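Worksheet: the structure to be examined is printed underneath.
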Amino acid sequence: MKKVRSCSYTVFLFAAIVILSGNVRISAQDSGIKVSGILDSSVTVGAGAGDAPDFFYGIEEYANLRIQARLREKAVFYGAFNFIAASGTSAQAAAALGALNGVTGWGLAGSTFSAGTHYTAALELERLYFRLNLKYIDIETGLMRLAFGYGQVFAPTDFLNLRNHLVPDARPRAILGGALYYYPVDAAKIFAFGAAPRDPFASDGGGALAGLSGDWHWDRASLQALYAFETPHDGADQGVHRMGLSLKADIEVGITADMLYTYNGAEETGIEGLAAAAGIDYSFWDGRFYVLAEYLYSGSASSTSTDNGNLGGFSCQHYLFTQILYRFSDYTNVNLGFLTSFDDRSFTPILGASHELFQGFSLDLSCRVPLDSSVFQDGGERGTLGPLPPGAVEGSRFQLTLKARLRF
37 MKKVRSCSYT
47 VFLFAAIVIL
57 SGNVRISAQD
67 SGIKVSGILD
77 SSVTVGAGAG
87 DAPDFFYGIE
97 EYANLRIQAR
107 LREKAVFYGA
117 FNFIAASGTS
127 AQAAAALGAL
137 NGVTGWGLAG
147 STFSAGTHYT
157 AALELERLYF
167 RLNLKYIDIE
177 TGLMRLAFGY
187 GQVFAPTDFL
197 NLRNHLVPDA
207 RPRAILGGAL
217 YYYPVDAAKI
227 FAFGAAPRDP
237 FASDGGGALA
247 GLSGDWHWDR
257 ASLQALYAFE
267 TPHDGADQGV
277 HRMGLSLKAD
287 IEVGITADML
297 YTYNGAEETG
307 IEGLAAAAGI
317 DYSFWDGRFY
327 VLAEYLYSGS
337 ASSTSTDNGN
347 LGGFSCQHYL
357 FTQILYRFSD
367 YTNVNLGFLT
377 SFDDRSFTPI
387 LGASHELFQG
397 FSLDLSCRVP
407 LDSSVFQDGG
417 ERGTLGPLPP
427 GAVEGSRFQL
437 TLKARLRF
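What the sequence shown shows, in this note's numbering, is residues 37 to 444, in sequence order.
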């Protein structure tokens with residue numbers, strides 16, 4: 037009965053949003069309301085490692101619906117929703133995430149997921165905030181994205197929502213908080229921000245964030261400085277200090293540098309509190325050929341470490357991402373990337389291709405082959421980027437995903 041009720045609530049809310057979207061489109065010109073989004077239809081096949089089946093598949097239907105409403109020139113409302121229906125390994129991943137949330141008390145409630153006879157489904161509120169445009173300052177508050185740093189692959193200063201290095205087009209998570217922006221001159225921005233604790237059930241304020249950041253822009257370079265303080269909580273009796281710098285420059289080649297130091301007053305953090313990335317990119321042949329390389333050092337007590345409770349973090353210290361992309365035309369490109377861990381000599385080649393059939397509709401193909409010493413020799417060392425990472429009982433030797441994306 038609980039699953040039926042949960043499914044009914046989900047269907048009802050989805051229908052309400054669709055009806056609202058229809059009404060919004062009709063009155064968009066008069067009210068300043070805009071609706072946009074994407075629809076992804078994905079099929080994944082692969083070969084498992086460890087206890088995983090020799091062959092696995094997954095099907096996922098994912099939609100991101102975004103709503104924006106402007107009130108004259110002074111205020112803007114933003115909202116976004118995620119709709120997901122999945123089967124196979126995609127459903128297993130959603131179930132594992134739901135189980136983890138049940139243990140930690142974080143994220144989506146179990147009732148948000150519903151199961152049919154051929155699929156599981158989920159509905160998520162992704163963004164819900166507003167922005168005020170005043171004479172000298174701007175204000176944002178709600179469920180929103182607070183992004184930091186100029187790194188293209190690794191961005192340690194973007195500590196509130198770490199990027200997924202294997203899924204670069206994944207939508208970044210939001211935080212519940214606010215920001216106040218001040219523009220002293222056209223080329224500079226200073227803003228103060230705050231965020232609710234990572235644990236949404238912390239009612240004593242432990243783990244809440246407050247900080248300052250500033251951006252300065254020149255003709256060929258930009259600089260960002262950041263400081264954030266996290267109030268005392270379990271595991272950080274004296275609070276946590278974070279200090280960061282991010283730089284980008286365009287001088288024949290593109291250069292980025294991004295670093296964040298995390299200091300836990302209750303521990304001797306030392307160099308292990310540092311996460312630092314540096315990258316370079318260059319395009320030639322009239323932009324048809326593009327190359328990128330970015331290095332990451334991830335200290336065990338840093339913002340990018342799994343030891344800090346980051347599900348998408350790194351368990352080793354030295355990583356390199358390289359990519360080559362070739363554009364056949366404005367509509368078709370292929371790319372080859374490598375994510376490498378120097379500590380355990382494991383790496384994952386990532387082959388991708390994209391073709392836009394017509395404006396707003398594209399086909400994307402991606403293939404990942406995790407590799408480490410155990411693949412090439414019996415008794416070889418298992419690596420974190422290999423088919424079966426240390427401590428894991430299931431893994432993947434090969435994974436191929438075909439995705440059709442519709443933008444509207």
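Positions of the beta carbon are idealized from the N, C-alpha and C atoms, including for glycine.
Small disclaimer: the values here were computed from a predicted structure and weren't measured.
Which first and last residues belong to the alpha helix (DSSP H) in which S409 is found?
Looking up residue 409 in the sequence shown gives position 373. Looking at the DSSP string, the run of the alpha helix (DSSP H) that includes S409 is S409 to F412.
Nearest-angstrom Cα separation, counted from A99 out to T125
Taking the first residue of the sequence shown as 1, we reach residue 125 at position 89. Taking the first residue of the sequence shown as 1, we reach residue 99 at position 63. When rounded, the distance between both Cα atoms is 18 Å.
Find out if the Cβ-Cβ distance for the pair F76, A83 is shorter than 8 Å.
Walking along the sequence shown from the start, residue 76 turns up at place 40. Walking along the sequence shown from the start, residue 83 turns up at place 47. Strictly speaking, residue 76 in this sequence is Asp, with Phe absent from that position. For D76 and A83, no; Cβs fall outside 8 Å.
Assess, as a yes-or-no matter, whether the segment 250-261 is touched by the segment 281-294 under the definition of 3 or more beta carbon pairs within less than 8 Å.
yes
Let me know if P192 comes out buried or exposed under the rule of 16 or more other beta-carbons within 10 Å of its beta-carbon.
Here the question's residue 192 lines up with position 156 in the sequence shown. It is buried - the Cβ of P192 has at least 16 other Cβ atoms within 10 Å.
Proximity of L179 and L212 at Cβ, strictly below 8 Å:
Counting from one through the sequence shown, the residue named residue 179 turns up at place 143. Counting from one through the sequence shown, the residue named residue 212 turns up at place 176. Taking 8 Å as the Cβ cut-off, L179 and L212 qualify as a contacting pair.
Note down, in chain order, each residue of its chain lying with its Cβ closer than 6 Å to the Cβ of S351, except the 5 sequence neighbours on either side.
By one-based count along the sequence shown, residue 351 stands at place 315. So the list reads T342 and T420, once near-sequence residues are dropped.
With three or more C-beta pairs closer than 8 Å as the rule, is the segment 225-243 touching the segment 262-271?
yes
In its own chain, which residues sit with a C-beta less than 7 Å from the C-beta of R443, not counting the 5 before and 5 after it?
Numbered from its first residue, the sequence shown carries residue 443 at position 407. Taken in chain order, the residues that qualify are I74 and G396.
Would T384 be called buried (16 or more neighbouring beta carbons within 10 Å of its own) or exposed?
Mapped onto the sequence shown, residue 384 falls at position 348. Answer is buried; the Cβ neighbour count reaches 16.
Compute the distance between the beta-carbons of D174 and L182, then report whether it is under 8 Å.
As a first step, residue 174 must be located in the sequence shown, where it is residue number 138. As a first step, residue 182 must be located in the sequence shown, where it is residue number 146. Not closer than 8 Å, so no.
Determine, using beta carbons only, whether Q188 and G309 come nearer to each other than 8 Å.
For the purposes of this step, residue 188 is identified with residue 152 of the sequence shown, where counting begins at 1. For the purposes of this step, residue 309 is identified with residue 273 of the sequence shown, where counting begins at 1. Taking 8 Å as the Cβ cut-off, Q188 and G309 do not qualify as a contacting pair.
Beta-carbon within less than 8 Å of R61's beta-carbon, same chain only, minus the 5 sequence neighbours each way: which residues are those?
For the purposes of this step, residue 61 is identified with residue 25 of the sequence shown, where counting begins at 1. Low local confidence applies: a pLDDT of 41 at R61 is under 50, so the model's placement there is unreliable, with the coordinate-based value given in what follows. These residues qualify, in order along the chain: V71.
Helix, strand or coil: which one does DSSP assign to T340?
Position 304 of the sequence shown, counted from the first residue, corresponds to residue 340. Coil.
Buried or exposed for L332, going by 16 or more other Cβ atoms inside 10 Å?
On the sequence shown, residue 332 is found 296 positions in, with the first residue counted as 1. It is buried - the Cβ of L332 has at least 16 other Cβ atoms within 10 Å.
When the distance is taken between beta carbons, is F117 closer than 8 Å to A105?
If you number the sequence shown from 1, residue 105 lands on position 69. If you number the sequence shown from 1, residue 117 lands on position 81. Contact: no.
Where S249 falls, given that 16 or more other Cβ within 10 Å makes a residue buried:
On the sequence shown, position 213 is the one that residue 249 refers to. Answer is buried; the Cβ neighbour count reaches 16.
Alpha-carbon to alpha-carbon, V370 and W321
To locate residue 321, count along the sequence shown from 1; it is residue 285. To locate residue 370, count along the sequence shown from 1; it is residue 334. Going by the C-alpha atoms only, they are around 15 Å apart.
Express the C-alpha separation of S402 and T368 in angstroms, rounding to a whole number.
Taking the sequence shown and counting its residues from 1, the one referred to as residue 368 is at position 332. Taking the sequence shown and counting its residues from 1, the one referred to as residue 402 is at position 366. When rounded, the distance between both Cα atoms is 14 Å.
Can you tell me which of the three DSSP states T368 falls into?
For the purposes of this step, residue 368 is taken as the residue at position 332 of the sequence shown. T368 falls in the strand class under three-state DSSP.
CA-to-CA distance, T80 to A206, given in whole angstroms:
As a first step, residue 206 is located in the sequence shown; it is residue number 170 there, counting from the start. As a first step, residue 80 is located in the sequence shown; it is residue number 44 there, counting from the start. Spanning the two alpha carbons is a distance of roughly 16 Å.
Between L216 and the ligand ADP, is there a pair consisting of the residue's CB and a ligand heavy atom that are separated by less than 7 Å?
With respect to the ligand ADP, the structure offers nothing, as it holds no ligand at all.
When you compare each of F166, G290, G214 and L164 to F227 by their alpha carbons, which one comes out closest?
Start at 1 with the first residue of the sequence shown, and residue 227 comes out as number 191. For F227, the nearest C-alpha among the options comes from G214.
Under 8 Å between the Cβ atoms of S339 and A311?
Counted from its first residue, the sequence shown places residue 339 at position 303. Counted from its first residue, the sequence shown places residue 311 at position 275. Yes.
Extent of the continuous beta strand (DSSP E) to which F265 belongs
In the sequence shown, counting from the first residue as 1, residue 265 sits at position 229. Segment A257 to E266, the beta strand (DSSP E) holding F265.
Own chain partners of L438 with C-beta closer than 6 Å, once the 5 adjacent residues on each side are dropped:
Position 402 of the sequence shown, counted from the start, is the residue given in the question as residue 438. Contacts found: V79 and L401.
Considering just the uninterrupted stretch of the beta strand (DSSP E) at D400, what are its terminal residues?
Taking the sequence shown and counting its residues from 1, one reaches residue 400 at position 364. Taken as a continuous stretch (DSSP letters only), the beta strand (DSSP E) holding D400 covers F397 to R404.
Sort G115, R102, A88 and A157 by Cα distance to E96 and report the nearest one.
One-based indexing of the sequence shown puts residue 96 at position 60. Here the closest residue by C-alpha is A157.
Entirely within the segment 179-221 and at least 3 residues each: give me those beta strand (DSSP E) ranges in chain order.
211-218
With a Cβ-Cβ cutoff of 8 Å, do A121 and Y93 count as a contact?
If you number the sequence shown from 1, residue 121 lands on position 85. If you number the sequence shown from 1, residue 93 lands on position 57. Not in contact: A121 and Y93 (Cβ atoms no closer than 8 Å).
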